[in-house]
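Counted from 1, the sequence shown has number 54 at position 54 by UniProt numbering; the numbering is strictly sequential. To start, the structure under review is shown below, and the notes come after it.
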Amino acid sequence: GWISYPSHGWEEISGVDEHYTPIRTFQVCNVMEYSQNNWLRTNWIPRRSAQKIYIELKFTLRDCNSIPLVLGTCKETFNLLYQETDDDQGSHFREHQFSKIDTIAADESFTQMDLGDRILKLNTEVREVGPMTKKGFYLAFQDVGACVALVSVRVYFKKCPNTVRNLALFPDTVPMDSQSLVEVKGSCVNHSKEEEPPRMYCSTEGEWLVPIGKCLCNPGFEERSSTCQTCRAGFYKSGLGNVECSKCPPHSFSHYEGSLHCGCEKNYFRAEGDPASMACTRPPSAPRNVISSINETSVILEWSWPEDGGGRRDITFTVIEAKNGVSSMAPRMRQYAAVTITTNQAAPSSVTLIKKEKTSRNSVSLSWQEPERPNGIILDYEIKYYEKEEQETSYTILRARGCNVTLNGLKPNTAYLLQIRARTAAGYGASSPSFQFETSPDSAFSISSENSQVVLIAISSAVAIILLTVLLYVLIGRFCCRSKSKHPDEKRLHFGNGHLHLPGIRTYVDPHTYEDPSQAVHEFAKELDASCIAIDKVVGAGEFGEVCSGRLRLPSKKEICVAIKTLKGGYTDKQRRDFLAEASIMGQFDHPNIIRLEGVVTRSKPVMIVTEYMENGSLDSFLRFTGIQLVGMLRGIASGMKYLSDMGYVHRDLAARNILVNSNLVCKVSDFGLSRVLEDDPEAAYTTRGGKIPIRWTAPEAIAYRKFTSASDAWSYGIVLWEVMSYGERPYWEMSNQDVIKAVDEGYRLPPPMDCPATLYQLMLDCWQKERNNRPRFEQIVSILDKLIRNPGTLKITANTAPANLLLDRSTSEVPPMGTMSDWMDGMRTLPCKEAFSGVSYSSCDTLAKTSTEDLKKVGLTIAAPQKKIVSSLKALDSHTKDGPVPV
Numbered sequence: 001g002w003i004s005y006p007s008h009g010w011e012e013i014s015g016v017d018e019h020y021t022p023i024r025t026f027q028v029c030n031v032m033e034y035s036q037n038n039w040l041r042t043n044w045i046p047r048r049s050a051q052k053i054y055i056e057l058k059f060t061l062r063d064c065n066s067i068p069l070v071l072g073t074c075k076e077t078f079n080l081l082y083q084e085t086d087d088d089q090g091s092h093f094r095e096h097q098f099s100k101i102d103t104i105a106a107d108e109s110f111t112q113m114d115l116g117d118r119i120l121k122l123n124t125e126v127r128e129v130g131p132m133t134k135k136g137f138y139l140a141f142q143d144v145g146a147c148v149a150l151v152s153v154r155v156y157f158k159k160c161p162n163t164v165r166n167l168a169l170f171p172d173t174v175p176m177d178s179q180s181l182v183e184v185k186g187s188c189v190n191h192s193k194e195e196e197p198p199r200m201y202c203s204t205e206g207e208w209l210v211p212i213g214k215c216l217c218n219p220g221f222e223e224r225s226s227t228c229q230t231c232r233a234g235f236y237k238s239g240l241g242n243v244e245c246s247k248c249p250p251h252s253f254s255h256y257e258g259s260l261h262c263g264c265e266k267n268y269f270r271a272e273g274d275p276a277s278m279a280c281t282r283p284p285s286a287p288r289n290v291i292s293s294i295n296e297t298s299v300i301l302e303w304s305w306p307e308d309g310g311g312r313r314d315i316t317f318t319v320i321e322a323k324n325g326v327s328s329m330a331p332r333m334r335q336y337a338a339v340t341i342t343t344n345q346a347a348p349s350s351v352t353l354i355k356k357e358k359t360s361r362n363s364v365s366l367s368w369q370e371p372e373r374p375n376g377i378i379l380d381y382e383i384k385y386y387e388k389e390e391q392e393t394s395y396t397i398l399r400a401r402g403c404n405v406t407l408n409g410l411k412p413n414t415a416y417l418l419q420i421r422a423r424t425a426a427g428y429g430a431s432s433p434s435f436q437f438e439t440s441p442d443s444a445f446s447i448s449s450e451n452s453q454v455v456l457i458a459i460s461s462a463v464a465i466i467l468l469t470v471l472l473y474v475l476i477g478r479f480c481c482r483s484k485s486k487h488p489d490e491k492r493l494h495f496g497n498g499h500l501h502l503p504g505i506r507t508y509v510d511p512h513t514y515e516d517p518s519q520a521v522h523e524f525a526k527e528l529d530a531s532c533i534a535i536d537k538v539v540g541a542g543e544f545g546e547v548c549s550g551r552l553r554l555p556s557k558k559e560i561c562v563a564i565k566t567l568k569g570g571y572t573d574k575q576r577r578d579f580l581a582e583a584s585i586m587g588q589f590d591h592p593n594i595i596r597l598e599g600v601v602t603r604s605k606p607v608m609i610v611t612e613y614m615e616n617g618s619l620d621s622f623l624r625f626t627g628i629q630l631v632g633m634l635r636g637i638a639s640g641m642k643y644l645s646d647m648g649y650v651h652r653d654l655a656a657r658n659i660l661v662n663s664n665l666v667c668k669v670s671d672f673g674l675s676r677v678l679e680d681d682p683e684a685a686y687t688t689r690g691g692k693i694p695i696r697w698t699a700p701e702a703i704a705y706r707k708f709t710s711a712s713d714a715w716s717y718g719i720v721l722w723e724v725m726s727y728g729e730r731p732y733w734e735m736s737n738q739d740v741i742k743a744v745d746e747g748y749r750l751p752p753p754m755d756c757p758a759t760l761y762q763l764m765l766d767c768w769q770k771e772r773n774n775r776p777r778f779e780q781i782v783s784i785l786d787k788l789i790r791n792p793g794t795l796k797i798t799a800n801t802a803p804a805n806l807l808l809d810r811s812t813s814e815v816p817p818m819g820t821m822s823d824w825m826d827g828m829r830t831l832p833c834k835e836a837f838s839g840v841s842y843s844s845c846d847t848l849a850k851t852s853t854e855d856l857k858k859v860g861l862t863i864a865a866p867q868k869k870i871v872s873s874l875k876a877l878d879s880h881t882k883d884g885p886v887p888v
């Protein structure tokens, strides 16, 4: 039912695909006639809630060179157009009412031979258009002289689907435009409350990003299956939160669902300050074995601990009644022991001054003064002592006739409490205040007051000699190290497998210096039990095996999400050594911007490396933010690299693909494998005699002489900075590695990305200085980015519009801004594509902007960037010149 105009243009034809499945296509092939203008229009398509529309085309196109005796002008492209309307226009059709979306070209075309062999090369192209404002639209396909078959047209839009995250419901959301994220507020699910207002961002790709805030289940409800459900009978939850309902503690119950606490069984109670998680208890039984001794002036009462403490330890005694924290709740259950007391004379006063004379690991010697008011002759003293931790539940009593005593059989390195009271013929006086003392630890010396000074002098002399020896050793070692170093970045201390660790200095240790790789990995990485790891799903593939996401739960620790690298079966000893080397490297690092190693599994199969899980994947696929957020992420990368540089570690493969991003947008440096495939594309790595090098990210001296230093990492950081500011563009586009090496050696540097702040592009140029000593250190890079974050206004001046004196390129042949067509042509002749434009004349920007890829081929343009991007940049040239000079 689509409209074809004129009628002899596009035709609806039945056919079969390469699998002999019947299909319907629209075809046109009027290449034998001149001046073709054939239109095909779809039915009216309702827009619904879409803002931006995506069109996926599948088509075949014949190579013009394979068509004999072509009389007309054969083309290998056709045009895609659209028209917005609020209602269906029926068969009404006007060409001028349509707006062009793009010219569609085939990546692969077929020939007469392919047609005979039924090998039709199907092309797939996707275009987008928007924002749309009217109720619906038409699509149209304009043929101007090609031999093309339109196999399928798929029209769709993207949205973030209805989802529940952190107990908040987020509705279906359609992105508004292509430049920003849509902030969506979530609503808490039933039986929950906001802890922090839940929000998420809907991206233009229809993906939810950056969850912020969450909801918490109400008391009596727990989180199950992304909802808050009532606690079952026999369970309770007393507070707000996303913890599970707890089983009722001993001697308590809940007969109903959704209980906030559990009631106590009969004759069991909770004290006012007891938490809901505490078991119900009961009062204690009566004290046992009460004995009294009476003389002229006093009575001595002794008893044993109650047989039943009621399940509590907070027992006190009132002469003489046993009580605990719930005794007041059951007054009829108090337990008394009655005693009659008669006295008629005064006892001695208490001992007030106690001194510690000598201490060892198992004994202590004490002395004290006689009470101030003895009230008679002191017959003896009672010494009562017990371990401080025992709280008087178990004590020892000694009696001494004089004012000194030695306590033996004590525990080493233990605190004790002691009380002393005097006894006369009238009985015992009051006990002294508690006196605390500690025994010596196992390794301590027992020093008496007579020889303590001699021993201390001897110890001090020995310590001074040891410190002096260590200081001389360090000074000699540093002097030797400086005399042998050729470059500040090459300072290392290597002593075989014995590595020097100085106080306060952390130095990276190369795991390949160990004869046995297992020794290195167990020195720097924690061995995990495989039973503590649960693998959820495979998220990718590495050189050595699969990469999975999962969970790690260690004893007495909270379960965390982790990433798991596995070593595939049938590995060689070298593969196992190289696989574990990465863990040996990561295990030495501890920094918020370096990926954290949780541990390894080497004693069972499969062998695994377990790291923290980075929810948002690699940086090159997560560049969706702008401005100060990107600068903050770049600052984190630089901080991590500063840490590695300070430890003496050279990364060698710093790239956006090796930066991981977590849920809080924190960037962390990763991928420390020394022997790895740098990319799936074999063109991405340039092989030398020393191994593979990621050419597009590597400094010239590292490519030429394999001179890897922190300065070469700084060059790579400049490329990462360019990747981030160009939102994941491939460095040097489609240039071959050999072309990249040649261009960089001749002084060519990547141009500033669109709308890139001038200060950040200047930092890129500084990182790309040919002389490595002129490149900034990572400490300086962190400082520069900190200043930009504190002064975000400096980011508003872009490199495309900045005055020339703001971009002081010290090493590249940068083309200055162009104001006229001749300026632009002169600038083009200074670039690597200069040969293509020799002898070519264009009169205006408008003429040049209409240049097609076919025209570029005819003039012999061999620039390595994608031709589609060249054409689009030429089309933008005319509009740019209307506003001012054109930066090339």
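Every residue, glycine too, gets a C-beta built ideally from N, C-alpha and C. The structure displayed is predicted, hence computed values, not measured ones.
- Within the same chain, P46, R47, T85, D86, D87 come within 8 Å of K135 by CB-CB distance, once the 5 residues on both sides are set aside.
- The beta carbon of N289 sits closer than 7 Å to those of W303, S304, all from its chain and outside the five residues before and after it, given in chain order.
- Assigned with DSSP and collapsed to three states, A563 falls in strand.
- Between the alpha carbons of G570 and T21 lies a gap of roughly 43 Å.
- In the three-state scheme derived from DSSP, where H, G and I count as helix and E and B as strand, Y643 is classed as helix.
- DSSP lists C29 as the bridge partner or partners of C147.
- Straight-line measurement puts the Cα of I595 at about 5 Å from the Cα of S670.
- In the structure shown, E183 adopts extended strand secondary structure according to DSSP, grouped into three states.
- Here the stretch 786-799 does not lie against the stretch 728-739, with fewer than 3 beta-carbon pairs under 8 Å apart.
- Looking only at I315, R551, I637, G325, the smallest Cα-Cα distance to P592 is reached by I637.
- The beta carbons of V405 and L366 sit about 6 Å from each other, so the pair counts as a contact at 8 Å.
- The DSSP-derived three-state label of W44 is coil.
- Relative to the Cα of S621, the nearest Cα in the group A655, T414, K692 belongs to A655.
- Within the DSSP secondary-structure output, T227 pairs in a beta bridge with R224.
- C248: not part of any beta strand (DSSP E); DSSP gives it neither H nor E.
- When the five nearest sequence neighbours on each side are left out, the beta carbons in the same chain lying within less than 6 Å of the beta carbon of R421 are those of E382, Y428, G429, S431, in order along the chain.
- C-alpha of A146 to C-alpha of S726: approximately 35 Å in a straight line.
- In the DSSP assignment, N737 falls within the alpha helix (DSSP H) that extends over 737-745.
- For the pair of segments examined, the stretch 22-33 was found to touch the stretch 147-157: the number of CB pairs separated by less than 8 Å reaches three.
- Contact between S549 and A563 is confirmed by a C-beta separation of about 6 Å, below the 8 Å threshold.
- E265 and C231 have their C-alpha atoms roughly 20 Å apart.
- By the neighbour-count definition (other C-beta atoms within 10 Å, threshold 16), M200 is a buried residue.
- Boundaries for G311: no beta strand (DSSP E) harbours it, and the DSSP string shows neither H nor E there.
- As DSSP reads the structure, G15 sits in a beta bridge with I23.
- Between T439 and the set D380, T396, L472, S360, the nearest pair of CA atoms involves S360.
- CA-CA distance, S783 to K642, rounds to 11 Å.
- In this structure, the straight-line span from the alpha carbon of G409 to that of S363 is close to 6 Å.
- Counting along the chain, no beta strand (DSSP E) covers V174, and no H or E run does either.
- In this structure, Y5 lies away from Q83, with their beta-carbon atoms at least 8 Å apart.
- In the displayed model, G636 falls within a helix according to three-state DSSP.
- For F269 against M329, the beta-carbon gap comes to about 4 Å, under 8 Å, which counts as contact.
- R730 has its alpha-carbon roughly 12 Å from the corresponding atom of P753.
- Counting along the chain, C217 sits inside the beta strand (DSSP E) bounded by residues 208-217.
- Straight through space, the alpha carbons of Q575 and E76 are spaced by roughly 49 Å.
- With respect to F98, D63 sits apart: the two C-beta atoms are not nearer than 8 Å.
- By the criterion of at least three beta-carbon pairs nearer than 8 Å, the stretch 54-62 is not in contact with the stretch 186-194.
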